[in-house]
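Going by UniProt numbering, the first residue of the sequence shown is number 1, and it counts up by one from there.
Quick notes on the structure that follows.
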Amino acid sequence: MSFSSEVKNELTQLKVSDGVMIALLRMNGRLGISNGLSLAITTENATTAKFIYRSLSEVYDIKSEINTYQKTTLSKNRVYTLLILGEVSEVLDRFELADSLLLDNGVPIAVKFDKDLALGYLRGAFISSGSVTNPEKSKYHLEIASYYEEHATDLQRLLADFGIESKLIARKNRTITYLSNSELILSFLSLIGATKSRFKLENAKIFREIRNIANRQTNFETANIGKTVNAAQNAIEDIKLLQSQGKLPENLREIALARIANPDDTILELGQRLTPPLGKSGVNHRLRQLKALAATLRQIK
């Protein structure tokens with residue numbers, strides 16, 4: 001099951017509210033006028049279809065019938081349509097949907113000026129057409145797709161009213177209201193009541209951050225090892241050049257032989273092999289002397 005489906009399943013376990021139902025009817029509903037007024041609510045999500053059907057029947061005493069059909073496209077998705085026939089005008093009045101389903105392409109006016117309705121509407125909007133990437137595999141991204149730009153803009157304003165700044169982008173025949181910041185996504189999931197999903201995302205975020213820190217540390221240590229190996233190899237080449245020319249000073253012979261014999265030693269480890277032992281600064285000073293002598297020989301050549 002995708003993370004988006006997990007979030008929607010969690011949300012459909014919560015008690016339905018007017019705001020949720022308004023969003024589901026507004027975003028998934030289509031009015032028909034042949035053979036009388038009808039309202040069809042369509043979704044490709046079986047859980048969403050059951051949630052709408054159960055809520056209409058048990059909470060609002062609105063009867064509907066469910067029809068399913070298979071898409072003819074390669075996606076092979078089932079489409080679920082809930083059809084309301086006899087009480088359509090009452091339903092439109094009950095949820096103040098007449099204008100938004102017939103004339104207005106935005107969020108219903110009643111929702112914009114009622115905080116409780118707005119909160120429920122955002123929950124219903126996500127159930128209707130929301131998605132969020134799996135935090136364990138992808139970058140952080142949550143979106144809600146709208147057929148109309150006006151509706152997407154209204155969603156953006158509703159989110160802003162709750163302190164969540166979102167962005168808009170056009171994609172094919174939809175306008176997307178989206179969040180790409182992990183903290184904003186966490187805030188949104190909390191806002192709409194997806195508490196378990198929020199904790200799952202938060203845990204995945206912490207794990208990813210710890211893993212990234214560990215990877216950076218490993219890369220840093222690997223880079224340091226590489227630098228140490230290269231420096232040791234360069235020092236050995238310098239020493240061998242001095243030896244071949246009989247120019248290796250007696251006072252640097254011990255450090256030179258120790259470096260050749262122990263090419264993998266760090267500077268600190270190398271210093272501990274000397275008699276008496278030397279600290280890092282002492283070892284570095286002698287190695288720099290060897291490097292300078294070798295550089296002089298190369299210039300003479």
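Cβ atoms here follow ideal geometry from the backbone N, Cα and C, with glycine treated the same way.
So what does DSSP say about V16, is it helix, strand or coil? Residue mapping note: residue 16 aligns to position 16 of the sequence shown, counting from 1. Of the three classes helix, strand and coil, the one that applies to V16 here is coil, per DSSP.
State the Cα-Cα distance for the pair V91 and S131, rounded to the nearest angstrom. One-based indexing of the sequence shown puts residue 91 at position 91. One-based indexing of the sequence shown puts residue 131 at position 131. One C-alpha to the other measures close to 28 Å.
Taking the alpha carbon of A83 as the reference point, which residue from V20, S57 and S138 has its own alpha carbon closest? Working through the sequence shown from its first residue, we reach residue 83 at position 83. Residue 83 is actually Leu in this sequence, not Ala. Ranking the options by Cα distance to L83, first place goes to S57.
Please name the residue in R259, K291 and L268 whose C-alpha comes closest to that of K247. On the sequence shown, position 247 is the one that residue 247 refers to. That would be K291, whose Cα lies nearest to the Cα of K247.
Locate the beta strand (DSSP E) running through Q70, then write down its first and last residues. Taking the sequence shown and counting its residues from 1, the one referred to as residue 70 is at position 70. It spans E65 to Q70 - the beta strand (DSSP E) in which Q70 sits, taken as one unbroken run.
Considering only residues of the region 78 to 115, which uninterrupted beta strand (DSSP E) runs meet the minimum length of 3 residues and lie entirely inside it, listed in chain order? 78 to 84
So that I know if they touch, is there some Cβ in chain B lying closer than 8 Å to that of S131? The structure shown has no chain B; it contains just one protein chain.
Nearest-angstrom Cβ-Cβ length linking I52 and L24, presumed shorter than 8 Å: The count along the sequence shown starts at 1 and reaches residue 52 at position 52. The count along the sequence shown starts at 1 and reaches residue 24 at position 24. The Cβ separation is near 6 Å, so the contact holds.
Nearest residue (CA-CA) to A204, options N35, V7 and S182: In the sequence shown, counting from the first residue as 1, residue 204 sits at position 204. The shortest Cα separation from A204 among N35, V7 and S182 belongs to S182.
Along the chain, where does the alpha helix (DSSP H) that runs through E136 open and close? To locate residue 136, count along the sequence shown from 1; it is residue 136. That residue, E136, is in no alpha helix (DSSP H); it is neither H nor E in DSSP.
Looking at the secondary structure, which residues open and close the alpha helix (DSSP H) in which L189 lies? Translated into the one-based positions of the sequence shown, residue 189 becomes position 189. Segment S182 to L191, the alpha helix (DSSP H) holding L189.
Of the residues N35, L287, H141 and V88, which one's Cα is nearest the Cα of Y60? Numbered from 1 along the sequence shown, position 60 holds the residue referred to as residue 60. Ranking the options by Cα distance to Y60, first place goes to V88.
Expressed to the nearest angstrom, what Euclidean distance is found between the alpha-carbon atoms of R253 and I260? Taking the first residue of the sequence shown as position 1, residue 253 is located at position 253. Taking the first residue of the sequence shown as position 1, residue 260 is located at position 260. Going from the Cα of R253 to the Cα of I260 covers about 11 Å.
DSSP bridge partner residues for Y178 (one or two, in chain order): Within the sequence shown, numbered from 1, the residue matching residue 178 stands at position 178. Answer by DSSP bridge pairing, in chain order: E143 and K167.
In three-state terms, what does DSSP make of T296? Stepping through the sequence shown from its first residue, residue 296 is reached at position 296. T296 falls in the helix class under three-state DSSP.
Rounding to the nearest angstrom, what Cα-Cα distance links L39 and A214 in this structure? The residue you call residue 39 lines up with position 39 of the sequence shown. The residue you call residue 214 lines up with position 214 of the sequence shown. Cα-Cα distance, rounded: 55 Å.
Does the Cβ of A170 have 16 or more other Cβ atoms within 10 Å, making it buried, or fewer, making it exposed? Along the sequence shown, read from residue 1 onward, the residue named residue 170 stands at position 170. Exposed, because fewer than 16 other Cβ atoms sit within 10 Å of the Cβ of A170.
To the nearest angstrom, how far is the alpha carbon of P135 from that of F3? Counted from its first residue, the sequence shown places residue 135 at position 135. Counted from its first residue, the sequence shown places residue 3 at position 3. C-alpha separation (whole angstroms): 8 Å.
Under 8 Å, do Q245 and L297 count as touching if we go by C-beta distance? Taking the first residue of the sequence shown as position 1, residue 245 is located at position 245. Taking the first residue of the sequence shown as position 1, residue 297 is located at position 297. Yes.
Whether or not the region 271 to 282 and the region 230 to 242 are in contact is what I'm after, with contact meaning three or more pairs of Cβ atoms, one per stretch, closer than 8 Å; do they touch? no
Cβ neighbours of L293 in the same chain (closer than 7 Å, five flanking residues each side left out): Translated into positions along the sequence shown, residue 293 becomes position 293. Cβ neighbours of L293 beyond the five flanking positions: L242 and K247.
Give the DSSP-derived three-state secondary structure of I62 in the structure shown. Taking the sequence shown and counting its residues from 1, one reaches residue 62 at position 62. Three-state result, I62: coil.
Does the region 101 to 114 come close enough to the region 172 to 186 to have 3 or more Cβ pairs within less than 8 Å? no
Could you tell me which residues DSSP puts in a beta bridge with T195? Translated into positions along the sequence shown, residue 195 becomes position 195. Answer is none; T195 lacks a bridge partner.
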